[in-house]
Amino acid sequence: MKLNRLRNWALGLIFLAFIVMYIGVFVPVLMPYLLVLGMIMILISVFIYFRVGAMSMSIPTLECPHCQKKTKVLGVEDGCMYCQGLIKVEMDESDGLYLVPRTK
Ligand SMILES: [Zn+2]
Numbered sequence: 197m198k199l200n201r202l203r204n205w206a207l208g209l210i211f212l213a214f215i216v217m218y219i220g221v222f223v224p225v226l227m228p229y230l231l232v233l234g235m236i237m238i239l240i241s242v243f244i245y246f247r248v249g250a251m252s253m254s255i256p257t258l259e260c261p262h263c264q265k266k267t268k269v270l271g272v273e274d275g276c277m278y279c280q281g282l283i284k285v286e287m288d289e290s291d292g293l294y295l296v297p298r299t300k
């Protein structure tokens, strides 16, 4: 769930960057600054995308105890990507990871 939020955030940043650069078209004085600002924002969101991609590769997919779907968990405590249910990662004796519902 955290991964999804991060990805949405990066997407929003790209849109914001386009808006900033679009404003530059109407305000020629600020054009160079707005273009640079927009470029920086796009670079940041591309970087976030790469990070999210790399992270979701290394994160094991585990079965959600609420909806039985395979979900990716960031950190020890997170929410399910599908049902938003709170979950906690537990480790058994053989280092196998599994999810349990988190009560809060
Ligand atoms: Zn779920």
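The sequence shown begins at 197 in the working numbering and counts up one residue at a time.
For every residue, glycine included, the Cβ atom is placed at its ideal position computed from N, Cα and C.
Judged by pairs of C-beta atoms under 8 Å, the segment 235-250 touches the segment 197-211, as three or more such pairs exist. In chain order, Leu258, Glu286 and Asp288 place their CB closer than 7 Å to the CB of Tyr294, counting only its own chain and leaving out the 5 sequence neighbours on each side. Your pair Met217 and Gly234 checks out as a contact, with CB atoms roughly 4 Å apart and the cut at 8 Å. Nearest to Phe214 by alpha-carbon distance, out of Arg201, Leu230, Gly275 and Gly271, is Leu230.
Comparing C-alpha distances from Tyr278 to each of Cys263, Pro297, Lys284 and Leu199 shows the shortest one belongs to Cys263. Relative to the non-hydrogen atoms of ligand 1, the Cβ of Tyr278 comes within a distance shorter than 7 Å of at least one.
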